[in-house]
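Report on the structure given below.
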Amino acid sequence: QITLTQQAESLWVSPGEKVSITCRASQSLLYTDGKHYLSWYQQRPGQTTKALIYHASIRTDGVPTRFIGSGSGTDPTLSIEDVQPEDIALYYCLQTLKKPSTFGGGTKLELK
Amino acid sequence: EVQLQQSGPEVGRPGSSVKLSCKASGYTFTDYVLNWVKQSPGQGLEWIGWIDPEYGSTDYAEKFKKKATLTADTSSSTAYIQLSSLTSEDTATYFCARSWDWFAYWGQGTLVTVSS
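Read top to bottom, the protein sequences are chains A and B.
My numbering applies: residue 1 is where the first sequence begins, and numbers increase by one.
My numbering applies: residue 113 is where the second sequence begins, and numbers increase by one.
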């Protein structure tokens with residue numbers, strides 16, 4: 001199965017800073033259709049899990065432009081520019097290229 | 113508005129079974145696959161499997177093939193997961209999530225506690 005490794009369990013940021021969350025894949029997530037089958041999710045306490053990014057770089061409807069998905073092949077990254085207090089949450093990457101779908105271990109974003 | 117409304121918390125005795133539900137609204141139930149995901153306390157996310165409500169076809173992660181059974185009722189737009197032979201390892205929150213190439217919409221989760 002494809003393993004996704006989010007190296008940082010926690011990241012500390014101040015409001016207004018930029019932060020990047022990496023998700024290393026054990027193999028390329030690029031399919032022959034030219035799409036990367038990698039997506040990013042946000043979990044906040046008491047709220048429904050929210051999809052932020054799909055196909056590695058496309059924001060879902062309503063997601064602020066400060067959330068940026070980048071990277072290709074085996075090193076997708078989620079960047080948050082100008083971090084806001086409401087961005088404090090757990091973030092997960094997910095690959096749906098091959099069964100079983102697998103998640104990264106999660107990165108907790110915390111305020112300094 | 114797409115919504116996935118999951119059933120309330122469950123307490124199951126070791127060795128018993130529980131059945132959780134996920135009621136879909138705001139879209140055509142048979143147009144999308146529904147996945148189930150497990151989150152153990154303080155842990156990350158694990159994919160359990162999916163069901164295609166139109167055909168009733170299912171697919172499971174190897175680890176959950178003997179643990180989980182996925183079904184769907186198109187008349188009520190509701191998907192179900194039954195967890196059997198409960199052990200303490202099954203104590204977790206279980207989510208349903210509608211997918212295409214990604215898990216676009218999630219339910220709020222159902223907490224299952226296994227306790228005697």
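Idealized CB from N, CA, C, for every residue including glycine.
Just so you know, these numbers come straight off a predicted model, no measurement behind them.
Bounding residues of the beta strand (DSSP E) (the contiguous stretch that carries residue i)
i, result
"Ile-53/A", "50–54"
"Leu-90/A", "90–95"
"Asp-171/B", "169–172"
"Gln-43/A", "38–43"
"Phe-207/B", "204–211"
"Gly-73/A", "Where Gly-73/A is concerned, there is no enclosing beta strand (DSSP E), given that its DSSP letter is neither H nor E."
"Gln-115/B", "115–118"
"Tyr-192/B", "190–195"
"Thr-107/A", "107–111"
"Cys-134/B", "130–137"
"Ala-8/A", "No beta strand (DSSP E) holds Ala-8/A; DSSP gives it neither H nor E."
"Glu-158/B", "157–164"
"Gln-151/B", "145–151"
Supposed close pair residue i, residue j - CB separation, criterion 8 angstroms
i, j, result
"Gly-120/B", "Thr-225/B", "About 12 angstroms; that fails the 8 angstroms criterion."
"Tyr-54/A", "Asp-213/B", "6 angstroms"
"Val-149/B", "Trp-159/B", "6 angstroms"
"Ser-26/A", "Thr-60/A", "The Cβ separation is near 25 angstroms, so there is no contact."
"Leu-30/A", "Gly-71/A", "11 angstroms between Cβ atoms; not a contact."
"Ala-204/B", "Pro-153/B", "7 angstroms"
"Trp-218/B", "Thr-49/A", "4 angstroms"
CB contact check: residue i to chain A, cutoff 9 angstroms
i, result
"Leu-157/B", "yes"
"Asp-213/B", "yes"
"Tyr-217/B", "yes"
"Ala-173/B", "yes"
Listed by chain order, chain A residues near residue i by CB distance under 9 angstroms
i, result
"Gln-117/B", "Within chain A, no residue comes near Gln-117/B; the closest Cβ sits about 10 angstroms away, beyond 9 angstroms."
Contacts that residue i makes with chain A (C-beta to C-beta distance below 8 angstroms)
i, result
"Gln-220/B", "Thr-48"
"Phe-207/B", "Thr-49"
Below-9 angstroms beta-carbon distance, residue i vs any chain B residue
i, result
"Leu-30/A", "no"
"Gly-62/A", "no"
"Leu-94/A", "yes"
"Lys-35/A", "yes"
"Pro-15/A", "no"
"Pro-76/A", "no"
Partners in chain B for residue i, counting only beta-carbon separations shorter than 9 angstroms
i, result
"Phe-103/A", "Val-149, Gly-156, Leu-157, Glu-158, Trp-159"
Closer than 8 angstroms at the beta carbon, the chain B residues around residue i
i, result
"Tyr-54/A", "Asp-213, Trp-214, Ala-216"
- Message: Contact between the region 183–201 of chain B and the region 33–47 of chain A is defined here as three or more beta-carbon pairs at a separation below 8 angstroms; is this criterion met?
- Response: Too few Cβ pairs lie closer than 8 angstroms, so no.
- Message: Is it the case that the region 77–87 of chain A contacts the region 120–131 of chain B, given that we only count it when at least three CB pairs across the two stretches are under 8 angstroms?
- Response: no
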